[in-house]
Every structure is written in structure tokens, then in C-alpha cells.
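The structure under discussion appears below in the form of C-alpha cells.
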Amino acid sequence: MRRLETRETGRVYDRLRGYPSERPLEFFKHSVIQRFSKEEINDIIRNALNKHVKKDVPFEFAIVQYNILGDEMQSENFMKYFIDSADNIRHAIGLVPASGSSLENLSNEELLMVIVPNERSIVLREIFWFILGSILFTLIITTAFYITIRSLLKQKKLSEIKSDFINNMTHEFKTPLATISLAVDALKNEKVIGDKDKTQYFTGVIKEENKRMNKQVEAILQAALLDKKEVQLNLKKHDAHGLIKIAVNNMTLPIQEKNGTLDVKLDATNDLVLADEVHFINFVNNLLDNAVKYSKENPVIKLSTFNAGNQFRIKIEDNGIGMNKETLNRIFEKFYRAHTGNIHNVKGFGLGLSYV
Numbered sequence: 178m179r180r181l182e183t184r185e186t187g188r189v190y191d192r193l194r195g196y197p198s199e200r201p202l203e204f205f206k207h208s209v210i211q212r213f214s215k216e217e218i219n220d221i222i223r224n225a226l227n228k229h230v231k232k233d234v235p236f237e238f239a240i241v242q243y244n245i246l247g248d249e250m251q252s253e254n255f256m257k258y259f260i261d262s263a264d265n266i267r268h269a270i271g272l273v274p275a276s277g278s279s280l281e282n283l284s285n286e287e288l289l290m291v292i293v294p295n296e297r298s299i300v301l302r303e304i305f306w307f308i309l310g311s312i313l314f315t316l317i318i319t320t321a322f323y324i325t326i327r328s329l330l331k332q333k334k335l336s337e338i339k340s341d342f343i344n345n346m347t348h349e350f351k352t353p354l355a356t357i358s359l360a361v362d363a364l365k366n367e368k369v370i371g372d373k374d375k376t377q378y379f380t381g382v383i384k385e386e387n388k389r390m391n392k393q394v395e396a397i398l399q400a401a402l403l404d405k406k407e408v409q410l411n412l413k414k415h416d417a418h419g420l421i422k423i424a425v426n427n428m429t430l431p432i433q434e435k436n437g438t439l440d441v442k443l444d445a446t447n448d449l450v451l452a453d454e455v456h457f458i459n460f461v462n463n464l465l466d467n468a469v470k471y472s473k474e475n476p477v478i479k480l481s482t483f484n485a486g487n488q489f490r491i492k493i494e495d496n497g498i499g500m501n502k503e504t505l506n507r508i509f510e511k512f513y514r515a516h517t518g519n520i521h522n523v524k525g526f527g528l529g530l531s532y533v
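Below, the structure written as C-alpha cells:
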């Protein structure tokens with residue numbers, strides 16, 4: 178509890194007294210308790226709180242006189258909250274006539290006590306929406322920041338993948354073009370022109386390199402068509418083992434060039450599948466091609482087929498370098514290629530498994 182300065186307490190006193198008349202008949206009715214009812218004082222305090230603090234703030238009050246025989250006025254639950262002081266705000270103000278007033282030395286000093294119960298719940302209720310708004314604003318800012326950073330990282334990664342793809346594509350086309358150029362120059366040599374075997378050899382080289390470039394172009398075009406969902410599948414019933422044998426024949430030479438072996442076991446009893454012949458052969462080719470590319474030396478590849486219920490399954494194993502967790506999660510992404518150091522040490526565009 179505290180006492181206010183004389184000037185301030187005088188103002189409160191004047192307000193509660195309502196500036197009473199100083200006529201002799203009302204000389205003994207100059208105290209606040211005598212001049213105002215409990216309801217009137219309650220209304221005055223309520224109006225003051227509504228104006229300067231907040232509407233509907235609960236409160237209890239009491240006015241007591243300092244002398245022993247003085248009067249006392251209190252609200253209904255004042256004593257309850259006065260005794261139980263937990264979480265309550267208490268204010269005490271001395272009601273003293275203004276200095277210079279005719280009542281200055283005649284009035285008993287009175288004390289106005291105001292208790293605001295449940296301070297904590299009032300404060301929490303006041304700041305709840307502010308805290309909630311702050312949390313929501315923070316979440317929005319954090320989410321926006323996360324999305325922005327994620328987008329930037331994704332764009333950076335995409336840029337790296339595209340750059341890697343362009344570099345590899347340039348290399349893939351530059352090598353056969355250089356070989357064709359050398360073969361053409363050799364064919365212009367008079368000694369070669371007169372040698373039938375050499376002529377056939379160099380024309381064969383040109384043909385093979387041309388096939389190689391066509392294959393790369395087709396892979397890029399197929400990926401573009403798949404991305405646009407414009408591929409028209411010619412689905413028919415086929416003997417899967419027959420199509421697998423075609424793919425195996427296509428990969429025999431590349432495997433032999435790396436001194437590798439390919440063990441084929443076609444054990445499935447029911448190999449009838451509904452598939453597009455060209456795409457089926459291509460996807461088997463791509464799987465075998467990856468097995469060759471990612472084997473350090475002397476690739477050992479096993480291809481087997483089997484039935485699981487009414488399903489036809491193909492299993493391909495190799496002694497390659499394997500894949501880490503990141504690569505395993507991204508092997509079907511277009512243009513993605515497992516890192517093996519130099520970008521040109523493994524041929525391709527990163528389209529093989531995305532095609533599969």
C-alpha cells in the first residue's frame with residue numbers, strides 16, 4: 178500500500194466528495210463515506226478504470242477512516258480477496274481534502290483501497306492474442322525463409338545438373354564426330370582408297386559412330402517425350418525371354434571390350450508380357466549398360482528371370498561400385514548421374530534409369 182502526494186489525493190477526494198457545499202448544516206457530512214453510497218463509489222471507480230485501464234476489469238474496494246471510531250465502507254467480496262492476496266493487485270490511496278480547502282483541517286483522513294483479483298489471468302488474457310499473433314508471424318517468416326532457401330538450393334542443384342549434362346553431351350557428340358572426321362581424312366588418302374579392306378574398315382567406323390550418335394539423340398528425344406507424356410506405347414503380348422535375348426546381343430560387344438562376363442538364366446516358366454517391344458528392349462539395354470559403365474574392371478553381370486505369383490520379374494546383379502544412399506534415392510531423376518570423380522569417366526547423359 179502507498180500514499181499519494183497531497184495534491185493528487187486532494188483531487189481524488191474532491192471527485193469522491195463531489196465538491197460538497199460548505200453550508201453549516203452539512204458540516205458534519207463532509208466525509209466520502211457519508212456523502213456517497215456504495216453503488217455511487219463503485220460507479221466512479223468503474224468509470225475511471227474503463228477510461229484509463231480497460232473495460233470490465235473486476236475489482237473490489239473499501240473506504241476506511243483513520244480514527245478508531247471512524248466509519249467503514251466495503252464491497253461485497255473485499256475481505257475475501259484482502260485475506261487471500263495471491264495473484265491480486267492492491268492499490269491504496271489516501272483521500273485528503275485539497276490544500277487550502279476549508280475542510281483541510283476538519284475532515285477525517287480516509288483511505289481508499291482497490292483490489293484487482295486474478296492479476297495473472299487478466300494479464301495473460303490481455304497478451305494472449307499478441308503472443309499468438311507473434312507466434313503465427315514467426316511461423317510464417319520461418320516457413321517463407323525455409324521455402325526460399327530450399328528453392329535456391331534446388332535451383333542451384335538443377336543448374337549444376339544441367340551444366341553437367343551439357344558438358345557430357347558435348348563430349349559424347351564430340352568424340353564420335355572427331356572419329357568420323359579422322360576416318361573421312363583417312364579415306365581421302367590414296368593408299369587407303371586402293372585398299373579395299375581399309376576402306377571397309379573406315380566406312381564401318383563411320384557407320385558405327387553414326388549409330389552411336391543416333392542412339393544418344395534418340396535417348397534425349399525419348400526423355401523429352403516421356404516428360405511431356407506424349408509417348409504412345411504399342412502394347413502387345415510378347416515373349417519376354419526373346420526380347421531379353423535381343424538386348425543381351427546388343428550388349429555383348431561392350432561387355433567383351435571390358436573383358437567382362439554376362440551370365441543369363443531365363444528360369445521364368447511364364448514369360449508372356451504385355452509390353453512395347455522397342456521400349457522393353459531399351460530398358461533392359463539401359464540396365465545392362467549401367468552395369469557395364471559402373472564396374473571398375475572386368476564386369477561380372479548376372480541376369481535372371483523368375484515368376485512371383487502372376488508376376489514376371491527380371492533380376493540383374495553386377496560387381497559394380499554400388500550406390501550410396503543419396504544416389505539410391507535419386508537414380509530415377511532425369512539428368513542425374515552418380516558422381517565418380519571426372520564427369521567424363523562414365524559415358525552418358527543421366528537419362529537411362531529415368532527412362533526405365
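Residue numbers (this note's numbering): 178 to 533.
Heads up, the beta-carbon is just placed ideally off N, CA and C, and yes, glycines get one too.
Computed from a predicted structure; not experimentally measured.
- Setting aside the 5 residues that flank it on each side, K375 is surrounded in the same chain by V369, each with a C-beta closer than 6 Å to its C-beta; the list follows chain order.
- DSSP links H268 through a beta bridge to V291.
- Between the segment 338 to 355 and the segment 313 to 324 there are fewer than three C-beta pairs closer than 8 Å, too few to call the two in contact.
- The continuous beta strand (DSSP E) containing I478 extends over residues 477 to 485.
- A Cβ-Cβ separation of about 6 Å places S472 in contact with N496 under the 8 Å criterion.
- By alpha-carbon distance to N467, the top candidate from V455, I493, N487, D444 is I493.
- The Cβ neighbour count for A485, taken over all protein chains shown within 10 Å, is under 16; the residue is labelled exposed.
- For D495, the secondary structure class from DSSP, reduced to helix, strand or coil, is strand.
- Assigned with DSSP and collapsed to three states, K473 falls in coil, not helix or strand.
- CA-to-CA, the gap between F483 and I491 works out to about 7 Å.
- Residue environment analysis places N387 among the exposed positions, since fewer than 16 neighbouring C-beta atoms fall within 10 angstroms of its C-beta.
- A check of alpha carbon separations from S252 across L272, E454, E217 identifies E217 as the nearest.
- Rounded to the nearest whole angstrom, the CA to CA distance from K414 to D372 is 49 Å.
- Closest by C-alpha distance to E434, out of V450, R297, P476, is P476.
- Taking 8 Å as the upper bound for CB-CB distance, G419 and V469 are not in contact here, some 22 Å apart.
- In the structure shown, K368 falls within a helical segment according to DSSP collapsed to helix, strand and coil.
- By the neighbour-count definition (other C-beta atoms within 10 Å, threshold 16), V361 is an exposed residue.
- Annotated three-state conformation of E253 is coil, per DSSP.
- Sixteen is the threshold: since fewer than 16 other Cβ atoms of the shown chains lie within 10 Å of the Cβ of A355, the residue is exposed.
- Excluding five sequence positions before and after N295, the CB atoms of its chain that fall closer than 6 Å to its own CB belong to D264, given in chain order.
- If only uninterrupted beta strand (DSSP E) runs of at least 3 residues are considered, those enclosed by the segment 415 to 478 are 438 to 443, 449 to 453.
- Inclusion of I421 and L443 in the CB contact set at 9 Å is warranted, their separation being smaller than that value.
- Proximity to N411 across K228, N447, V455 peaks at V455, based on C-alpha coordinates.
- Under the three-state reduction of DSSP, L410 is assigned to coil, being neither helix nor strand.
- Counting the other CB atoms within 10 Å of its CB gives V209 a total of 16 or more, which places it among the buried residues.
- Assigned with DSSP and collapsed to three states, F489 falls in strand.
- Short of 6 Å from the beta carbon of E237, and not among the five residues preceding or following it, lie these beta carbons of its own chain, in chain order: S252, N254, F255, Y258, I292.
- At the C-beta level, L301 and Q242 stay beyond 9 Å of one another.
- The residue among I432, N366, I318 with its C-alpha nearest the C-alpha of K479 is I432.
- Looking at the DSSP output, V241 bridges to E249, L288.
- As the crow flies, the alpha-carbon of N427 is around 8 Å from that of N462.
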